[in-house]
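Reviewing the structure listed below.
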Amino acid sequence: MDLVFEQIRSGGDRNFGYLLGDRGAREAVLIDPSYSPDAFVERARDQGLAVTYIVNTHGHPDHVNGNERAAALTGARVAAHPALLPDRPLQDGDEIAIGGLRLACYHVPGHCADHLLLHERSSDVAITGDLLFVGKVGGTGNDSDARTEWTSLQRLMSVLPETATIWPGHDYGVRPSSTLALEKRTNPFLRCRDIEAFLHLKATWPAFKKEQGLR
Ligand SMILES: [Zn+2]
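Using the working numbering, the first residue of the sequence shown is number 17, and each one after it goes up by one.
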């Protein structure tokens, strides 16, 4: 097993997509290949990797708008939360095999109801979509969604090892990627001691950012 892992700037609102593959098995998946699906497919082709799945972290248009084109170019099937009616529905606890790699899927609603966290165990790579960014968390539309997001963040912290590297769906932070250990120490939303503090921080985020000099 020989890991291929690339973070690709796809366009849109500083969107990130990913190429994850096993060079030995000559297989790969494209994760959220939006805006510039051709560039993702080219990266796979240049390395002789057959794309088996297009995997989506969630159903927002800025993450899925390249699905059709990527599928047409590769013949790959779409794998995502069942609510998106994909070719392969991914339930909480499911795993996608990519050669010798195993991409575990966890249902983590909040930012939206169909959100998945993806974790490849052997490489400890975690693709967190719009649940967890570097230094921030995903936006939520109301109090109930914010509470659900809190629960999903607690779940993320319980299922991922501290050593996991964090690869978000947008380049919103001071770095393009992080580790769970680093986020636990520096991300104000992961440092909240309880849900009330989390909800308060969400409600007062612009003022908090300004006060702390955050970007
Ligand atoms: Zn989103």
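No residue lacks a Cβ here, since even glycine has one placed at the ideal position from N, Cα and C.
Comparing the CB of residue i with every heavy atom of ligand 2, is any distance shorter than 7 angstroms?
| i | result |
| --- | --- |
| S50 | With respect to small molecules bound, the structure shown includes ligand 1 and not ligand 2. |
So the beta strand (DSSP E) residue i belongs to, where does it begin and stop?
| i | result |
| --- | --- |
| F32 | 31-38 |
| P184 | 181-184 |
| E165 | That residue, E165, is in no beta strand (DSSP E); its alpha helix (DSSP H) goes 159-175. |
| A92 | Unbroken run through A92: none, as it is neither H nor E. |
| A44 | 43-47 |
Is residue i helix, strand or coil when you go by DSSP?
| i | result |
| --- | --- |
| S194 | strand |
| R207 | coil |
| S26 | strand |
| R102 | The sequence given here has Pro at residue 102, not Arg. P102: coil per DSSP, three-state reduction. |
| R201 | helix |
| R231 | coil |
| D108 | coil |
| E178 | coil |
To which residues does DSSP link residue i through a beta bridge?
| i | result |
| --- | --- |
| F21 | L36 |
Note the first and the last residue of the continuous alpha helix (DSSP H) segment covering residue i.
| i | result |
| --- | --- |
| E227 | 221-228 |
Quick check on residue i - is its C-beta less than 8 angstroms from some C-beta in chain D?
| i | result |
| --- | --- |
| H186 | In the structure shown, chain D does not exist; there is a single protein chain. |
Whose beta carbon lies closer than 5 angstroms to any heavy atom of ligand 1, going through the chain in order?
H76, D146
Report the start-end ranges of each alpha helix (DSSP H) in the region 58-82 that is 4 residues or longer and not cut off at the edges.
77-80
Continuous beta strand (DSSP E) assignments of at least 3 residues falling wholly in the region 110-154
111-114, 117-123, 132-136, 141-145
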